[in-house]
Amino acid sequence: MKLNKLKLKKYYILVILSLMVCLSSLLTYKTMSKLEITSVDGHKITTDAYVLYPDHEFMLAKDVAEQVLNARIGWEKQTPLPEGIYYKDQVAVLMYHHLTEESLSLYPGVLSAEQFDEQMRLLKQEGFQVITMEQYRRFMLENAPVPDNAVLLTFDDGYESFYKLAFPILQKHGYTAINFIIVSDVDNPDGRKVPKLTWEQMREMKRAGMGFYNHTYNLHYYGIVDAEGGTRPSASALLYIDDENRNELNEEYYRRVTGDLALAERRLKEELGNTDSAIAFPYGSYNEKLLDASDSLGIKLKFNTREGLSSRTNLNAPRINEGDETLTAALSIEQLKHTEPLMELTVNSRKVPLIGTQPHLRNGKLMVPLGPLSRSLGIEMHYDRRSRTLKLTHSSLNKA
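Residues in the sequence shown are numbered consecutively from 1, following UniProt numbering.
In structure tokens form, the structure reads like this:
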């Protein structure tokens, strides 16, 4: 009897250990084999001191990162800024969707006009500087300066509430904003439960300084990606072709998304006379091919939904969601003051803007994000998943 109990106890221990191993593999994805990295100098380094997350974001041990980048990396407390300055040489891109006349706190992505008005008032009171899209463009593409505590106001989806509720409030405070439009909703307005903007409304607001940009023509939906009916954002997924029992090929996907974005760009130019371009990816979801498709159409400025401050080192900018009522206006603005992290990552004594994963200790080693460091140095990363090799090269733009 005691022997059976002992066996049972060992069995339970093994089950618990197995579950712990499975859980740890779900929380982070770490390759068990070594990673071979070709440094910018052409030297090959093999290491197991790395973490690879599902979106191909690499974390390397600091000493390894310094070797492959041929650079000095620091991780220290930030130098305190003067009182009233929360961040410098960066932009907080705020994201909104739909406004209502009355509070609908149970609905995500919906903000009352009253609370939006209060947020706008507090931005000015607390020393934030709302900039125009043209200022943002020059900052990102031409190295132009922006004021301290710079803010860009953005809306998604092109709801009519932008015209009826947000526009008067923005004019009241002397601010401009941009709206990323699902263009097919404007071309085909019938049957919409929540009204969308019309071209005429957009033309009126554009004359007053507002801007309207690409949120795809018709890729703002979850598409089927397998035979079981699983779905993912259609702009960033290989869709399932039911009658052929297969997924799109990469070439088919690229043609589909490029054609969609091109149509949206053409319609925005035809109706609004746009001479510049920008895109916000639906649901914040994107991949390398979607980025390439955007670049091929001359859409340099891109926006996602990751939290953080926007800097020149990454044209695919993060945004801060201020568009629902989970927080009061005062608390939303207070949090905005503390968006800049207390610690500072540097490469060759230059600050590296961070989005997403922060440096952290792992098994006694400081792990640092390779992507932001590489971008700051003008270095491109080329990862081959099959061979688990990573090659670092100086950017062709950097060479020019």
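The C-beta atom is built at its ideal place from N, Cα and C for all residues, glycine as well.
| Candidates N348, E57, T216 and L52: closest to S234 by CA position | Closest by alpha carbon: T216.
| said: Taking a contact to mean a Cβ-Cβ separation below 7 Å, would you say T46 touches E36 in this structure? | reply: Yes. Within cutoff.
| query | Is there contact between the region 88-99 and the region 135-152, where contact requires at least three CB pairs shorter than 8 Å? | reply | These segments touch.
| Buried or exposed: which applies to Y96, given that a residue is buried once 16 or more other Cβ atoms fall within 10 Å of its Cβ? | Here Y96 is buried. Its C-beta has 16 or more other C-beta atoms within 10 Å.
| message | For R375 and D156, I'd like the C-alpha separation in whole angstroms. | response | D156 has its alpha-carbon roughly 27 Å from the corresponding atom of R375.
| said: If you measure between the beta carbons of E340 and Y50, is that distance less than 7 Å? | reply: Against a cut-off of 7 Å, the Cβ pair of Y50 and E340 comes out as no contact.
| query | What does E248 pair with, by DSSP beta-bridge criteria? | reply | Bridge partners of E248: none, in fact.
| To which residues does DSSP link N179 through a beta bridge? | Per DSSP, F155 and F212.
| Cβ shell of H220 (< 6 Å), same chain only, five flanking positions each side left out | Here the set comprises I182 and P282.
| request: Would you kindly report the start and end of the unbroken alpha helix (DSSP H) that includes Y136? | output: If you look at Y136, you'll find it in the alpha helix (DSSP H) that goes M133 to E142.
| Three-state secondary structure assigned by DSSP to R380 | The residue you asked about is not Arg; residue 380 is Glu in the sequence shown. Strand.
| request: Note down, in chain order, each residue of its chain lying with its Cβ closer than 8 Å to the Cβ of K77, except the 5 sequence neighbours on either side. | output: For K77, where only same-chain residues beyond five positions count, the Cβ hits under 8 Å are L342, M343 and E344.
| From Y29 to M59, what distance separates their C-alpha atoms? | Annotation note: pLDDT 43 at Y29 (below 50); position unreliable, coordinate value reported separately. Each residue's alpha carbon lies about 11 Å from the other.
| Whole-angstrom Cβ separation of S73 and L373, contact assumed at under 8 Å? | Here residue 73 turns out to be Ile, not Ser, going by the sequence shown. With a Cβ gap of about 7 Å, I73 and L373 count as contacting.
| message | So the candidates are V130, Q201, D187 and P80; which of them puts its Cα closest to the Cα of K164? | response | Comparing Cα-Cα distances from K164 to each of V130, Q201, D187 and P80, the minimum goes to Q201.
| What's the C-alpha gap between N123 and V130? | In the sequence as displayed, the identity of residue 123 is Leu instead of Asn. Between L123 and V130, the C-alpha separation is close to 8 Å.
| said: Are the CB atoms of T198 and residue 405 within a distance shorter than 7 Å? | reply: Residue 405 is absent from the structure shown; the chain starts at 1 and stops at 400.
| request: Determine, using beta-carbon pairs with one atom in the region 286-304 and one in the region 249-262, whether at least three such pairs fall under 8 Å. | output: Counting Cβ pairs under 8 Å, three or more are found: they touch.
| Does the distance from the CB of A278 to the CB of L301 come in under 7 Å? | Going by C-beta atoms, A278 is nearer than 7 Å to L301.
| query | Going by Cα to Cα distance, which pick from L327, T275 and M120 is closest to L170? | reply | Among L327, T275 and M120, the Cα nearest to that of L170 belongs to M120.
| field | Which listed residue (E380, Y175, T357 and G273) has its alpha carbon closest to that of E288 | value | Out of E380, Y175, T357 and G273, the CA that lies nearest to the CA of E288 is found in E380.
| Cβ-based neighbour list, L366, same chain, cut-off 8 Å, excluding 5 preceding and 5 following | Apart from the 5 residues on each side of it in sequence, L366 sits with its Cβ closer than 8 Å to the Cβ of A61, K62, W75, P359 and H360 in its chain, given in chain order.
| query | Do you know how far the Cα of G371 is from the Cα of N304? | reply | Approximately 16 Å between the Cα atoms of the pair.
| said: Let's test the definition: count the other Cβ atoms within 10 Å of the Cβ of L111 and tell me whether it reaches 16, buried, or not, exposed. | reply: Around the beta carbon of L111, 16 or more other beta carbons sit within 10 angstroms, so the residue counts as buried.
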